[in-house]
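Going down the list, the sequences are from chains A and B. For the first sequence, our numbering assigns the number 160 to the initial residue and increments by one for each residue that follows. For the second sequence, our numbering assigns the number 160 to the initial residue and increments by one for each residue that follows. Using N, Cα and C, we set each Cβ at its ideal position, and we do this for glycine too. This one's a predicted model, so the numbers in the text were calculated from it and none came from an experiment. Report on the following structure.
Number of protein chains: 2
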Amino acid sequence: MPKRPADLRRAILDASLALASEGGVGALSMREVARRAHVTHGAPYHHFKDRSAILAALAAEGFALLTKEMLSAMKDEDRGSVARFEACGRGYFRFALRHPAHMKLMFRPELANPTEHPEVDQAACASMQVLVDCVIECQKAGNAPAGDPMPLVVTSWSTVHGLAALWLDGPLCRMKGFAASPQELARRVAHTLGELLSTKP
Amino acid sequence: MPKRPADLRRAILDASLALASEGGVGALSMREVARRAHVTHGAPYHHFKDRSAILAALAAEGFALLTKEMLSAMKDEDRGSVARFEACGRGYFRFALRHPAHMKLMFRPELANPTEHPEVDQAACASMQVLVDCVIECQKAGNAPAGDPMPLVVTSWSTVHGLAALWLDGPLCRMKGFAASPQELARRVAHTLGELLSTKP
DNA sequence: GCCATCAAGTAGACACTGTCTAGTCGAAAA
DNA sequence: TTTTCGACTAGACAGTGTCTACTTGATGGC
């Protein structure tokens with residue numbers, strides 16, 4: 160029988176994530192998590208108040224990873240504010256592809272009550288701030304309409320989030336023939352937006 | 160004690176939808192559904208193979224409602240193909256606001272396995288066809304780049320779906336101050352897109 | 001060294017869940 | 001009238017989240 164892990168809290172989060180990846184949030188049960196961490200079914204309660212606390216911790220962790228992924232994508236980009244804005248969107252989409260289980264947990268307020276787990280909203284706001292700063296940079300450089308940045312933030316966020324959501328949870332990924340890979344899908348959508356932007360009067 | 164409903168199948172779907180609206184999919188239990196339909200816990204199994212069959216039926220029903228809402232929004236619009244395209248998007252967003260519980264069930268493939276419940280995918284394809292036809296109409300009228308309509312379909316679908324998803328499940332609706340109502344939110348996003356389209360060279 | 005303290009894990013209990021089964025009942029068909 | 005059959009009931013089973021009391025092992029002060 161394998162011995163107990165040194166850092167049970169981390170082991171619980173890892174086991175939970177693995178279960179969520181394999182069979183969705185529904186397959187994530189406290190007892191199976193405990194089993195995978197080689198510990199009895201009561202042990203996780205010493206690290207998390209209840210099941211939703213695990214989900215909240217994973218959601219907050221997801222937003223932190225998203226923030227890092229966007230910042231990392233922008234760091235290597237030095238061809239101006241618009242290029243950095245695009246890199247930010249690519250970072251968002253890449254995060255969704257790399258961490259689908261996290262992604263699904265992050266946008267399910269019924270799983271982790273936002274008023275009970277404010278750390279999730281805080282982490283979400285930090286992620287959004289990256290995008291806000293990005294848009295403000297574009298505005299300062301004269302590459303976006305001046306004024307309140309929020310409309311632009313919400314519009315671009317919606318497009319990239321919608322694309323990721325439709326790919327992960329929608330019927331999009333089951334429609335063979337349109338896009339062979341998600342990367343190609345994102346490229347085509349980005350190209351379409353660019354075409355629209357450039358062909359209009 | 161209230162008597163058994165005449166159409167138990169419909170009563171089960173209604174009770175399931177009510178439960179999902181109140182506490183999310185997690186609160187939807189076969190036994191509570193049966194209780195609300197004033198029937199014993201085994202009765203629902205005569206109308207649905209298992210719990211996921213109920214969810215699949217609701218998801219398919221949701222896509223049918225979505226199709227109807229988009230078609231109805233377009234029917235009253237006779238100011239050209241672009242106006243009909245915009246009406247289609249408004250219909251999508253309005254559906255999401257009016258039927259949030261349906262909406263959440265429709266985009267959770269882990270709840271109702273698509274291979275086990277092909278009727279969901281079929282209904283989803285019918286919904287998408289509305290948008291495809293809409294884009295093709297714009298192309299024929301010379302109001303959209305010619306060629307494969309799918310890139311435009313996916314791009315616009317992503318934006319409106321992302322907006323709805325962020326409003327229903329994301330931190331957007333908890334950010335007071337930006338948009339007082341979802342209608343205003345949608346108007347501002349649509350305006351932002353329009354502004355982008357018209358101010359670019 | 002010894003003992004108190006305390007976080008971390010165990011083991012058992014409880015009410016609840018999804019699903020299976022055998023049995024019941026009433027209406028329609030023969 | 002008897003048979004058949006779909007719809008429903010009632011009981012069982014394993015599995016679940018969460019609570020509780022109990023054990024254990026390390027840590028600190030004396």
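Min CB distance residue i to chain A below 8 Å
i	result
residue 291(B)	no
residue 294(B)	no
residue 247(B)	no
residue 267(B)	yes
residue 259(B)	no
residue 308(B)	no
residue 275(B)	no
residue 209(B)	no
residue 328(B)	yes
residue 192(B)	no
residue 348(B)	yes
residue 283(B)	yes
residue 239(B)	no
residue 324(B)	yes
residue 304(B)	yes
Spatial distance of residue i from residue j (CA atoms)
i	j	result
residue 234(A)	residue 291(A)	16 Å
residue 346(B)	residue 340(B)	10 Å
residue 317(B)	residue 167(B)	37 Å
residue 359(B)	residue 271(B)	Bear in mind that a pLDDT of 45 at residue 359(B), under 50, signals an unreliable position, so the number given afterwards is only what the model happens to contain. C-alpha separation (whole angstroms): 44 Å.
residue 367(B)	residue 198(A)	Lying outside 160 to 360, the shown extent of chain B, residue 367(B) is not represented and no answer is given.
residue 313(B)	residue 348(A)	7 Å
residue 351(B)	residue 309(A)	10 Å
residue 218(B)	residue 203(B)	18 Å
residue 250(B)	residue 293(B)	13 Å
residue 288(A)	residue 331(B)	13 Å
residue 281(A)	residue 247(A)	20 Å
residue 240(A)	residue 300(A)	7 Å
residue 193(B)	residue 200(B)	5 Å
residue 177(B)	residue 191(B)	11 Å
residue 164(A)	residue 169(B)	50 Å
residue 185(A)	residue 269(A)	13 Å
residue 326(B)	residue 275(B)	30 Å
residue 283(A)	residue 181(A)	25 Å
Residue-level contact to chain B via CB, residue i, 8 Å cutoff
i	result
residue 314(A)	yes
residue 351(A)	yes
residue 201(A)	no
Own chain partners of residue i with C-beta closer than 8 Å, once the 5 adjacent residues on each side are dropped
i	result
residue 304(A)	298 and 311
residue 172(A)	213, 216, 217 and 220
Own chain partners of residue i with C-beta closer than 7 Å, once the 5 adjacent residues on each side are dropped
i	result
residue 252(A)	319, 322, 323 and 345
residue 224(B)	254, 258 and 261
residue 295(A)	308
residue 338(A)	344 and 347
residue 230(A)	289
Rounded Cβ spacing between residue i and residue j (contact assumed at less than 8 Å)
i	j	result
residue 212(B)	residue 279(B)	Contact doesn't hold; Cβ gap of about 11 Å is too wide.
residue 207(A)	residue 265(A)	Going by Cβ atoms, the distance from residue 207(A) to residue 265(A) rounds to 17 Å, so no, they are not a contact pair.
residue 226(A)	residue 315(A)	16 Å between Cβ atoms; not a contact.
residue 196(A)	residue 179(A)	Going by Cβ atoms, the distance from residue 196(A) to residue 179(A) rounds to 15 Å, so no, they are not a contact pair.
residue 333(B)	residue 273(A)	6 Å
Proximal residues to residue i (C-beta, below 6 Å), its chain only, five neighbours per side dropped
i	result
residue 210(A)	189
residue 242(B)	236
residue 244(A)	293 and 297
Segments assigned beta strand (DSSP E), at least 3 residues, entirely inside the stretch 288-318 of chain A: none
Runs of 4 residues minimum, wholly inside the stretch 238-267 of chain A: which ones carry the alpha helix (DSSP H) assignment? 240-257 and 259-265
Only counting runs of 4 or more residues, tell me where the alpha helix (DSSP H) segments fall wholly within the stretch 162-192 of chain B, in order along the chain. 167-182
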